[in-house]
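Asks: Numbering (the numbering used here), first residue to last: 1 to 271.
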Amino acid sequence: MIQKLIERNINDCPDYCIKRQSISDSDDRLHLLEVNGLCPLCGDKLINIGNKRTKVYEIAHIYPNSPTSDDLMILNGVTILGENSESFQNKIALCFNCHKDYDFHKNVDEYNMLLKKKRELYKAFTAKSDLANIDVSQNLEVLLKRITTIDISTMNKTELRLVPLEIKQKLSASETNLRIKVTAFVTEYYLFIKNYLKNLEEVKQLNFSKLATTIKLAYQTATESLDSKNEIFDALVEWLLSKTNTSDKGCAEIVISYFIQNCEVFDEVTE
Ligand SMILES: [Zn+2]
Numbered sequence: 001m002i003q004k005l006i007e008r009n010i011n012d013c014p015d016y017c018i019k020r021q022s023i024s025d026s027d028d029r030l031h032l033l034e035v036n037g038l039c040p041l042c043g044d045k046l047i048n049i050g051n052k053r054t055k056v057y058e059i060a061h062i063y064p065n066s067p068t069s070d071d072l073m074i075l076n077g078v079t080i081l082g083e084n085s086e087s088f089q090n091k092i093a094l095c096f097n098c099h100k101d102y103d104f105h106k107n108v109d110e111y112n113m114l115l116k117k118k119r120e121l122y123k124a125f126t127a128k129s130d131l132a133n134i135d136v137s138q139n140l141e142v143l144l145k146r147i148t149t150i151d152i153s154t155m156n157k158t159e160l161r162l163v164p165l166e167i168k169q170k171l172s173a174s175e176t177n178l179r180i181k182v183t184a185f186v187t188e189y190y191l192f193i194k195n196y197l198k199n200l201e202e203v204k205q206l207n208f209s210k211l212a213t214t215i216k217l218a219y220q221t222a223t224e225s226l227d228s229k230n231e232i233f234d235a236l237v238e239w240l241l242s243k244t245n246t247s248d249k250g251c252a253e254i255v256i257s258y259f260i261q262n263c264e265v266f267d268e269v270t271e
């Protein structure tokens, strides 16, 4: 399933539309996972969990499988995704209402908006799937278990005055929100984590260089399919949570921020 996104112009692909194919159960599940179980257009849940688990979504074609003459005119010259109209890349899970709206009131702006969503979701999804293959040492589990019990009151903020300057070299002005978040986490937790890891290593509970290599590898894997640092950051956070089987997102963000400061994550930007 995991392959690079194919992007072409519809005018260059006269054979793009092929006979409708039904969707396998496994592809159906992947479509649901790709959108994180939420309709990408309205945000509604795509599974109702009541007495019985009910599916409240359909798999929509982004570029129509059998375009009407109106569709052909409206969508003249647009970008299309995937080998053909039946490929995974041209399909996306939508709630019933959004699917109906999309199919019957299509205009080029709506088309391009859905295309953009698909592109982002697909990239994030494939990055996550690649990351799942990386083997993580026990070290990270040890680390995260300890970090969840961090007592902020024991930390000394003033010791870290110089640190934020360095973050600026790794996140550009266009990534302001992420920069603010990472800087705040680093200011609060960097020394604490550093000392903690040192202690863990001293009592032979951690091999820091092995841990750092693992994080670096995860980062490099994420950069292969993700462009923006926000997406990479989020993918690494999700990866860390799933690998450590923990659910404290804030805690995972703190750890990833630590490794940004420590240079395993993000290379220097040139501005
Ligand atoms: Zn919807």
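Even for Gly, the Cβ is constructed at its ideal location relative to N, Cα and C. Keep in mind the model is a prediction, meaning the values are calculated, not measured.
Tell me, to the nearest whole angstrom, how far the beta carbon of GLU264 is from that of TYR219; I am working on the premise that it is less than 8 Å.
Replies: 6 Å
Asks: For the beta strand (DSSP E) that contains GLU7, what are its first and last residues?
Replies: Taken as a continuous stretch (DSSP letters only), the beta strand (DSSP E) holding GLU7 covers 7 to 9.
Asks: Taking the CB atoms as reference points, tell me whether ASN84 and ILE18 lie closer together than 7 Å.
Replies: yes
Asks: Is DSSP giving TYR63 helix, strand or coil here?
Replies: coil
Asks: Taking the continuous beta strand (DSSP E) assigned at CYS95, which residues delimit it?
Replies: 91 to 95
Asks: Output the boundary residues of the alpha helix (DSSP H) element that contains THR68.
Replies: For THR68, there is no enclosing alpha helix (DSSP H), as DSSP marks it with neither H nor E.
Asks: Beta carbon of LEU41: closer than 6 Å to some heavy atom of ligand 1?
Replies: yes
Asks: On the three-state DSSP scale, how would you describe TYR219?
Replies: helix
Asks: Whole angstroms is fine: what's the gap from ASN76's alpha carbon to PRO67's?
Replies: 11 Å
Asks: By how many angstroms is the C-alpha of GLY250 removed from the C-alpha of ILE180?
Replies: 14 Å
Asks: ASP44: beta carbon under 6 Å from a heavy atom of ligand 1?
Replies: yes
Asks: Taking the CB atoms as reference points, tell me whether ASP71 and PRO64 lie closer together than 7 Å.
Replies: yes
Asks: Please report the Cβ distance between GLN89 and TYR122, rounded to the nearest whole angstrom; I am assuming they are in contact, meaning their Cβ atoms lie under 8 Å.
Replies: 7 Å
Asks: Please confirm whether any heavy atom of ligand 1 lies closer than 6 Å to the CB of CYS272.
Replies: There is no way to answer for residue 272, as the model of the chain reaches only from 1 to 271.
Asks: Spatial neighbours of ASN48 within its chain, please: C-beta separation below 7 Å, excluding the five flanking residues on both sides.
Replies: The answer, listed in chain order, is THR54 and VAL56.
Asks: Please state whether the Cβ-Cβ distance between TYR16 and ILE80 is less than 7 Å.
Replies: yes
Asks: Cα separation between GLN138 and THR244?
Replies: Caution is warranted here: a pLDDT of 48 is assigned to GLN138, below 50, making its placement in the model unreliable, and no coordinate value can be reported.
Asks: Would you kindly work out how many angstroms separate the C-alpha atoms of TRP239 and ILE232, rounded to a whole number?
Replies: 10 Å
Asks: Identify whether LYS45 lies in helix, strand or coil by the three-state DSSP scheme.
Replies: strand
Asks: Measure from the alpha carbon of LYS116 to the alpha carbon of each residue in SER174, VAL35, VAL186 and LEU206, then state which is nearest.
Replies: VAL35
Asks: What does the alpha-carbon distance come out to for the pair ASN272 and ASN207?
Replies: For residue 272 there is no data in the structure shown, the boundaries of the chain being 1 and 271.
Asks: Taking C-alpha atoms, which residue in ASP103, GLU86, LYS216 and LEU41 lies nearest to MET113?
Replies: LEU41
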